[in-house]
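**Q** Once you've had a glance at the structure underneath, I'll fire off some questions.
Residue numbers (our numbering), protein chains in the order written: chain F, 7 to 243; chain G, 35 to 481.
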């Protein structure tokens with residue numbers, strides 16, 4: 007993989023999203039773009055961004071090294087991130103991480119010798135109600151335990167693509183990075199893949215049991231107080 | 035049982051992420067009303083509603099909007115803080131993943147009110163499915179004429195960019211977010227001047243949280259009185275409470291501001307395994323922990339503050355009586371150490387040293403003076419940095435020592451009991467974070 011004329015065209019497309027004179031705003035997406043092309047942020051990638059944006063390589067490096075999603079060594083095909091922050095730890099996230107680390111023989115931010123899997127501890131992934139969670143190329147595998155997590159990783163090593171609990175079907179790290187640069191996912195099935203599981207709608211279930219009819223927001227026409235009176239009419243909207 | 039689905043009401047409708055379904059479910063109705071009323075009336079309506087920011091600080095939204103100078107000839111910007119990453123906080127991600135148009139509708143109304151012709155969603159990088167759906171929703175909104183030039187014949191123009199970040203908790207701090215959006219390291223700015231006058235590109239800027247902005251169309255559609263019929267006088271409206279940790283049914287529970295933990299636990303099936311509540315955070319890891327004594331504190335901004343904590347993002351991390359507090363505090367402190375941007379010395383150095391002290395206490399290698407050292411360090415960090423990350427970093431330690439001092443003392447005296455041995459005193463699988471960090475760098479590099 008390399009930086010090509012296509013990469014340059016994509017970079018210019020990114021730059022055009024921001025106001026004239028404010029091109030530097032394109033830097034974060036451009037770093038995702040060069041990472042997509044090269045598997046990590048290389049010195050060539052830094053130079054490329056600097057050149058396109060009229061910055062120095064030092065200015066770009068200062069930014070690239072600040073953010074954890076920019077990798078300085080090539081990432082495997084599958085970036086496996088295990089949340090070990092509090093809500094996940096309370097439900098076994100540390101055990102999940104330890105099992106994967108043992109089975110893969112790698113530690114944080116390390117890649118298996120076959121280049122397939124990079125493992126990392128992640129800080130809170132904003133899915134605390136699905137704890138413990140892990141992501142593969144940023145798609146969620148919710149409510150894992152050491153055994154299910156190991157199964158997912160073994161499937162990846164066997165060349166399979168297990169289906170995430172929430173989020174699109176797995177795509178490569180390069181493809182994911184390109185989406186992070188702001189380009190649409192070309193796969194309609196990715197867009198349609200579910201965005202929620204039970205925890206997201208736990209409150210709605212309670213409301214339904216309390217008499218909310220689900221036809222509109224609480225307390226709007228004909229959809230009165232859940233728990234105090236059952237709504238009988240549907241909301242005109 | 036108080037439960038008020040408003041922002042969450044469409045979440046279980048299949049396909050609501052597409053514009054056709056969203057419109058069938060009352061979507062984009064508020065735009066026409068807003069354009070008829072005019073920007074000043076919208077600002078007044080949001081002010082009258084009493085809506086307060088849902089990103090943690092609880093600042094009155096209408097007041098924030100009214101700080102934007104009008105007729106100043108400068109471009110104005112609306113920036114949505116979608117950098118959800120506070121441990122325990124998981125409400126904006128499901129909103130954007132299931133119902134992205136509800137955020138975009140709010141953005142259009144808010145941008146119109148503050149006369150911003152450009153809006154950005156600064157989205158946490160890791161939330162790739164949210165990015166996917168928001169980008170698609172943005173494209174659909176352009177095609178439907180809700181974004182772009184002369185929206186619905188109103189003469190109002192708005193461009194919206196979904197901007198993915200790259201893994202830095204600090205970018206949830208609004209001025210660090212603005213620096214990051216300008217293509218720099220995400221480090222907070224000195225204030226004043228505030229973003230209302232000197233924000234993105236040094237121009238007047240409103241920065242609002244996802245949940246805050248998604249609330250606005252409901253106020254426009256249903257009115258101030260309806261909104262104020264929920265919640266308390268000073269914290270009106272519904273709030274998405276996020277329950278995680280040791281509860282039977284973790285999840286999102288949207289209820290009136292001022293709902294108590296006791297009520298929320300009842301909805302969520304109680305503490306897992308019928309155990310007893312030991313500790314909890316009312317609003318994420320940066321808010322001081324509370325205990326079973328606080329089950330009946332109304333969870334609104336003012337009542338939680340009166341109880342010695344903060345409502346924050348209403349992210350309730352629940353810990354039962356199997357939990358040891360010291361590993362919890364150590365793990366959260368490691369988080370702040372990792373996420374400190376390094377700009378301010380007290381935060382950068384302080385979080386790092388506090389992890390070392392907590393780790394040695396946990397290994398049974400500390401002594402009684404460590405508790406005083408921690409307290410002193412916290413005193414010297416709180417309020418002495420550019421941004422609130424430093425203040426948040428001391429919350430677990432200060433509240434941990436306040437309510438569970440005996441556990442710190444027991445750890446501090448373990449050295450004598452161990453006869454100076456360095457054997458670990460933890461390793462209880464029920465505690466957060468199985469192993470104390472032998473080297474604080476064990477988690478370095480994670481986000």
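Ideal Cβ placement from N, Cα and C applies to all residues, glycine included.
Need the endpoints of the alpha helix (DSSP H) that residue 51 of chain G sits in, please.
**A** Premise fails: residue 51 of chain G is in no alpha helix (DSSP H) and is neither H nor E.
**Q** With distances taken between CB atoms, is the gap from residue 204 of chain G to residue 222 of chain G smaller than 9 Å?
**A** For residue 204 of chain G and residue 222 of chain G, yes; Cβs fall inside 9 Å.
**Q** CA-CA distance, residue 13 of chain F and residue 51 of chain F?
**A** C-alpha separation (whole angstroms): 10 Å.
**Q** Which residues in the same chain as residue 343 of chain G place their Cβ atom closer than 7 Å to its Cβ, once the five residues preceding and following it in sequence are excluded?
**A** Within the same chain, residue 343 of chain G has close Cβ partners 316, 321, 322, 324.
**Q** If we call anything under 9 Å between Cβ atoms a contact, is residue 420 of chain G one with residue 377 of chain G?
**A** Yes. Within cutoff.
**Q** Pick helix, strand or coil for residue 152 of chain G, following the three-state DSSP scheme.
**A** If DSSP states are grouped into helix, strand and coil, residue 152 of chain G belongs with the strands.
**Q** Could you give the first and the last residue of the continuous alpha helix (DSSP H) run that contains residue 221 of chain G?
**A** No alpha helix (DSSP H) holds residue 221 of chain G; DSSP gives it neither H nor E.
**Q** Using a Cβ-Cβ cutoff of less than 7 Å, which residues in the same chain neighbour residue 71 of chain F once the five nearest sequence positions on both sides are dropped?
**A** Hits under 7 Å: none found.
**Q** On the CB-based measure, 16 or more other CB atoms within 10 Å of its CB, does residue 256 of chain G come out buried or exposed?
**A** Residue 256 of chain G comes out buried.
**Q** Just checking residue 25 of chain F against the ligand FMN - is the residue's beta carbon closer than 8 Å to any of the ligand's heavy atoms?
**A** Summarising the ligand content, the structure contains no ligands, and the ligand FMN is consequently not present.
**Q** For residue 107 of chain G, does the count of other Cβ atoms within 10 angstroms reach 16, so buried, or fall short, so exposed?
**A** By the 10 Å Cβ count, residue 107 of chain G comes out exposed.
**Q** Which residue or residues does DSSP assign as beta-bridge partners of residue 116 of chain G?
**A** DSSP, once it has assigned bridges, lists G/157 as partnering residue 116 of chain G.
**Q** Using the beta-carbon count (16 or more within 10 Å), is residue 115 of chain G buried or exposed?
**A** So residue 115 of chain G ends up on the buried side.
**Q** 9 Å is my cut-off, CB to CB: does residue 53 of chain F come that close to chain G?
**A** Not closer than 9 Å to any Cβ of chain G, the Cβ of residue 53 of chain F fails to qualify, so no.
**Q** Where do the ends of the beta strand (DSSP E) carrying residue 285 of chain G lie?
**A** Its beta strand (DSSP E) spans residues 285-290.
**Q** Can you find at least 3 beta carbon pairs, one from the stretch 169-189 of chain G and one from the stretch 23-37 of chain F, that sit closer than 8 Å?
**A** In short, these stretches do not touch, since the Cβ pair count stays below three.
**Q** Taking any Cβ of chain F, which residues in the stretch 211-242 of chain G have a Cβ under 8 Å from it, in chain order?
**A** Against chain F - using a Cβ distance shorter than 8 Å - the residues of the stretch 211-242 of chain G are 214, 215, 216, 217, 218, 219, 220, 235.
**Q** Step through the CB atoms of chain G and report whether any lies within less than 9 Å of the CB of residue 14 of chain F.
**A** Judged by the 9 Å Cβ criterion, residue 14 of chain F is not in contact with chain G.
**Q** Quick one: using the 10 Å Cβ neighbour count with 16 as the cut-off for buried, is residue 220 of chain G buried or exposed?
**A** Buried, by the Cβ-count rule.
**Q** Residue 212 of chain G and residue 136 of chain G - do their beta-carbons sit closer together than 9 Å?
**A** No, they are not a contact pair.
**Q** Which chain F residues are close to residue 291 of chain G, counting only those with a beta carbon under 7 Å from its beta carbon?
**A** Per Cβ cutoff of 7 Å: no residues; residue 291 of chain G is ~13 Å from chain F at best.
**Q** For residue 260 of chain G, go through chain F and note every residue whose CB falls closer than 8 Å to its CB, in chain order.
**A** The contacting residues are 225, 226.
**Q** Tell me where the alpha helix (DSSP H) around residue 94 of chain F begins and ends.
**A** Note, residue 94 of chain F: alpha helix (DSSP H), 92-96.
**Q** Please state if the CB of residue 102 of chain G and the CB of residue 238 of chain G are separated by a distance shorter than 9 Å.
**A** Contact: yes.
**Q** Can you check whether the CB of residue 65 of chain G is closer than 9 Å to the CB of residue 143 of chain G?
**A** Yes, Cβ-Cβ distance for residue 143 of chain G and residue 65 of chain G is below 9 Å.
**Q** With 9 Å set as the bound, which would you pick, yes or no: does the beta-carbon of residue 40 of chain F sit closer than that to a beta-carbon of chain G?
**A** So no, residue 40 of chain F is outside the interface.
**Q** Determine, using beta carbons only, whether residue 310 of chain G comes closer than 9 Å to chain F.
**A** Chain F, which has no Cβ nearer than 9 Å to the Cβ of residue 310 of chain G, makes this no.
**Q** Any C-beta of chain G sitting closer than 9 Å to the C-beta of residue 84 of chain F?
**A** Not an interface residue.
**Q** Check each candidate in F/146, F/81, F/66, F/208 and name the one with the smallest Cα separation from residue 37 of chain F.
**A** It is F/66.
**Q** Mind checking which residues open and close the alpha helix (DSSP H) that includes residue 132 of chain G?
**A** That run of the alpha helix (DSSP H) goes 126-132.
**Q** Which residues in the same chain as residue 283 of chain G place their Cβ atom closer than 7 Å to its Cβ, once the five residues preceding and following it in sequence are excluded?
**A** Correct list, in chain order: 302, 303.
**Q** Go ahead and pull the three-state DSSP assignment for residue 159 of chain F.
**A** In the structure shown, residue 159 of chain F sits in a helix (DSSP, three-state: H, G or I).
**Q** On a CA-only basis, which of G/37, G/91, G/173 is nearest residue 51 of chain G? Give me that one, please.
**A** The shortest Cα separation from residue 51 of chain G among G/37, G/91, G/173 belongs to G/173.
**Q** Could you work out which residues of chain F lie near residue 252 of chain G, taking near to mean beta carbons separated by less than 8 Å?
**A** The contacting residues are 223.
**Q** For residue 10 of chain F, count neighbouring C-beta atoms within 10 Å of its own C-beta (all shown protein chains included) and say buried if the count is 16 or more, exposed if not.
**A** Looking at its Cβ environment, which holds fewer than 16 other Cβ atoms inside 10 Å, residue 10 of chain F is exposed.
**Q** On a Cα-Cα basis, can you pick out the residue from F/138, F/134, F/144, F/140 that is closest to residue 166 of chain G?
**A** Taking only the C-alpha atoms, the option nearest residue 166 of chain G is F/144.
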